[in-house]
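Okay, so here's the structure we're looking at.
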Amino acid sequence: MNDTGEIKIYQTQDGQTAIDVRLENETVWLNQDQIAILFDKSKSTINEHINNVFKEGELEKEEVVRKFRITTQHGAMAGKTQEHDVMFYNLDVIISVGYCVKSKRGTQFRQWANKVLKDYLIKGYAIRNDLAHQKYDELRCVVDVMGRTIKSLDAKVADETEKAANNADEREALVSVVTDYTQALDTLDDYDYQRLDVSDTSKQERFHATYENAMEAIQGLKEKFGASQWFANEKDDSFKSSIGQIYQTFGGIELYPSVEEKAAMLLYLVTKNHSFSDGNKRIAATFFLWFMNNNGILYNPDGSKRIGDNTLVAHTLMIAESRTEEKDTMVRWW
Numbered sequence: 001m002n003d004t005g006e007i008k009i010y011q012t013q014d015g016q017t018a019i020d021v022r023l024e025n026e027t028v029w030l031n032q033d034q035i036a037i038l039f040d041k042s043k044s045t046i047n048e049h050i051n052n053v054f055k056e057g058e059l060e061k062e063e064v065v066r067k068f069r070i071t072t073q074h075g076a077m078a079g080k081t082q083e084h085d086v087m088f089y090n091l092d093v094i095i096s097v098g099y100c101v102k103s104k105r106g107t108q109f110r111q112w113a114n115k116v117l118k119d120y121l122i123k124g125y126a127i128r129n130d131l132a133h134q135k136y137d138e139l140r141c142v143v144d145v146m147g148r149t150i151k152s153l154d155a156k157v158a159d160e161t162e163k164a165a166n167n168a169d170e171r172e173a174l175v176s177v178v179t180d181y182t183q184a185l186d187t188l189d190d191y192d193y194q195r196l197d198v199s200d201t202s203k204q205e206r207f208h209a210t211y212e213n214a215m216e217a218i219q220g221l222k223e224k225f226g227a228s229q230w231f232a233n234e235k236d237d238s239f240k241s242s243i244g245q246i247y248q249t250f251g252g253i254e255l256y257p258s259v260e261e262k263a264a265m266l267l268y269l270v271t272k273n274h275s276f277s278d279g280n281k282r283i284a285a286t287f288f289l290w291f292m293n294n295n296g297i298l299y300n301p302d303g304s305k306r307i308g309d310n311t312l313v314a315h316t317l318m319i320a321e322s323r324t325e326e327k328d329t330m331v332r333w334w
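For the sequence shown, position 227 (counting from the first letter as 1) is numbered 227 according to full-length UniProt numbering, and the numbering increases by one without interruption.
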């Protein structure tokens, strides 16, 4: 199960003591101060018993001890808090210490902890089950959109060899997108076995897109693709609206808090809104790269692009063919 950092309050049967118990990695965790309070013993006594548990080889320290960062009141500055690392011990250690101090509270705590953990595991299974269904539903959606996109490409294949070759390349790119997407299903197994490594998205923006700087960028596109007088010719105000929409807030909270989410939504909106008479897909893909690059996250540390060119082309085509109800999948899978 993944780490949730969930906190449960344990209260002794006599009602005299209440302790915040951390649930993580399918067990419960207490620090020495909390164990001392639980068993009504001094901290030095608890520390001695814990050391004996490890010295006698009853438990392996690496498996049952973990550091957690906690926030406490600052000792020297009133009203201030401070963060520091504290050693926590899991249920096996707590039970062992309970036996050593011959405390009935140890048995009571074990019974409570086992019930809480059972509920915790059932809840975790339900979450994994829901996640699995969601991933498979998303995969089916992507495959459906891919199928419609390929049919659309096939319908456009004329006798001209170059167009046929380009469409073949686009079909290959689409297949690679779905291949990459299906690999996401492997995360379900990683989720179960605590191997899931979710890369953080970029919350800090160093670049803010505006209608004005976006239109400046379009001038460069016109020089490259402007053979048609209709290329990048605005039909209405929808492009300006798309720029503003990625910065929308609700209750003071951004709807798209990360740079990646804003970039994905920008790609979707510019592609679907058909803001220009010609070149909507090219403009949308370019602005996705433009936004990512100006925020300094287009490239990986090794110099490779985070989003491959083929992947971007394929996904832009799929967005163009997607239906309104498929929007979340088209945006979220990035």
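Glycine residues also receive a C-beta, built at the ideal position from the N, C-alpha and C atoms.
Just so it is clear, the structure is predicted and the values come from calculations on it, not from any experiment.
Residue(s) in a DSSP beta bridge with residue i
i	result
MET215	MET215 is not bridged to any residue.
ALA18	GLN11
ASN90	TRP29
GLU254	THR249
ASP278	PHE231
TYR99	None; TYR99 has no bridge partner.
HIS84	ILE70
GLU6	LEU23
TYR299	LYS305
SER65	According to the sequence shown, residue 65 is Val rather than Ser. In the DSSP output, where bridge partners are listed per residue, VAL65 has TYR89.
Residue burial classification, residue i (beta-carbon count within 10 angstroms, cutoff 16)
i	result
SER242	buried
residue 339	Examination of residue 339 is not possible in this model, given that the chain is present from 1 through 334 alone.
LEU267	buried
ARG306	exposed
GLN34	buried
SER322	buried
LEU91	buried
LEU312	buried
GLU261	buried
ILE253	exposed
GLY303	exposed
GLY15	exposed
ALA209	buried
PHE291	buried
SER228	exposed
GLY279	buried
Contacting residues, own chain, Cβ-Cβ under 6 Å from residue i (five flanking each side not counted)
i	result
SER103	PHE39
GLN183	Residue confidence for GLN183 is low, a pLDDT of 42 falling below 50, so the modelled location carries little weight and cannot support an answer.
ASP309	none
Nearest-angstrom Cβ-Cβ length linking residue i and residue j, presumed shorter than 8 Å
i	j	result
ALA36	ILE50	11 Å between Cβ atoms; not a contact.
SER275	PHE239	4 Å
THR271	ALA263	That belief does not hold up - the Cβ atoms of THR271 and ALA263 are roughly 13 Å apart, past 8 Å.
PHE88	GLY98	16 Å between Cβ atoms; not a contact.
Test item: CB-CB of residue i and residue j under 7 Å
i	j	result
LYS43	GLN32	yes
LYS281	ALA320	yes
GLU6	LEU30	no
LYS224	SER277	no
VAL86	ILE70	yes
Sequence-distant residues of the same chain with beta carbon closer than 7 Å to residue i, five excluded per side
i	result
GLU205	VAL259 and ASN295
VAL64	TYR89, ASN90, ASP92 and VAL93
Neighbourhood of residue i by C-beta, 8 Å cutoff - its chain only, sequence neighbours within 5 removed
i	result
LYS61	PHE54
LYS222	PHE231 and ALA232
ILE297	SER202, VAL259, GLU260 and ARG306
ALA217	THR286, PHE287 and TRP290
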